[in-house]
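Residue numbers (the working numbering): 68 to 200.
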Amino acid sequence: MAEAADDRTFTRVAAVDEFHNDRGRMVYYHGTKVAVFRQGESFFAVNDRCPHMGAAMSGGRITNGVIRCHMHGWEFDVTTGECKTKHWAKLPRYEVRIEGNDILLRPILDEQATNPDDDLDSFMAWDPSKETS
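In structure tokens:
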């Protein structure tokens, strides 16, 4: 049986030389804001909205593979999108491809990623004292 074709396409979003080391920059992928980070020669891309209160992740920094939101300090692993401090939070990620000086992205399908657009009120109203183990 033949595999289904992947309809997610890589799309050019920026040039490599537009990025500074350990910093993020917002780009658009088909109308969606995406934060792209450069760490050395590696590039990582995640949704540009923090699941906490919607802050732009592109305003943060990346250190040792961890993106830190500039607003409230939430930290996310760039390889998984998982939040280091709030285990229920996760950033949608994008696969990055470099071709010459071009940065191309396509989404990584991950049903577990949280999106602040889904229900921002419930993210803002999170109360750790009401969590159960």
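Each residue gets a CB set at the ideal place from its N, CA and C atoms; glycine is no exception.
Considering Cα atoms alone, identify which of I165, Y161, K100, N114 is closest to R173.
Y161
What residue from A123, S109, F143 has the CA that sits closest to K100's CA?
A123
What is the DSSP secondary structure of A71, reduced to helix, strand or coil?
Only weak support exists for where A71 lies, its pLDDT of 40 falling under 50; the coordinates are left without a value.
My guess is that L171 and R79 are in contact by the Cβ rule of under 8 Å, so how many angstroms apart are they, rounded?
5 Å
Who are the Cβ neighbours of N88 in its own chain at under 8 Å, not counting the five residues just before and after it?
R105, Q106, G107
Buried or exposed, going by whether 16 or more other CB atoms sit within 10 Å of the CB of D115?
buried
Simplified DSSP state of D169, which is helix, strand or coil
strand
DSSP three-state label for M93, please.
strand
Residues near V163 in its chain [Cβ-Cβ closer than 8 Å; skip 5 each side]:
If we look at V163 and ignore the five residues flanking it on each side, its Cβ neighbours are V103, F110, F111, A112, I170, L171, L172.
Would you check if the distance between the CB atom of K157 and the CB atom of E149 is smaller than 8 Å?
yes
Alpha carbon to alpha carbon, what distance is there between N131 and R84?
One detail in the question is off: residue 84 reads as Asp in this sequence, not Arg. Their Cα atoms are separated by approximately 21 Å.
With D144 as the anchor, note down where its beta strand (DSSP E) starts and where it stops.
142-144
Quick check on the burial criterion: 16 or more other C-beta atoms within 10 angstroms. Buried or exposed for Y95?
With fewer than 16 other Cβ atoms within 10 Å, it is exposed.
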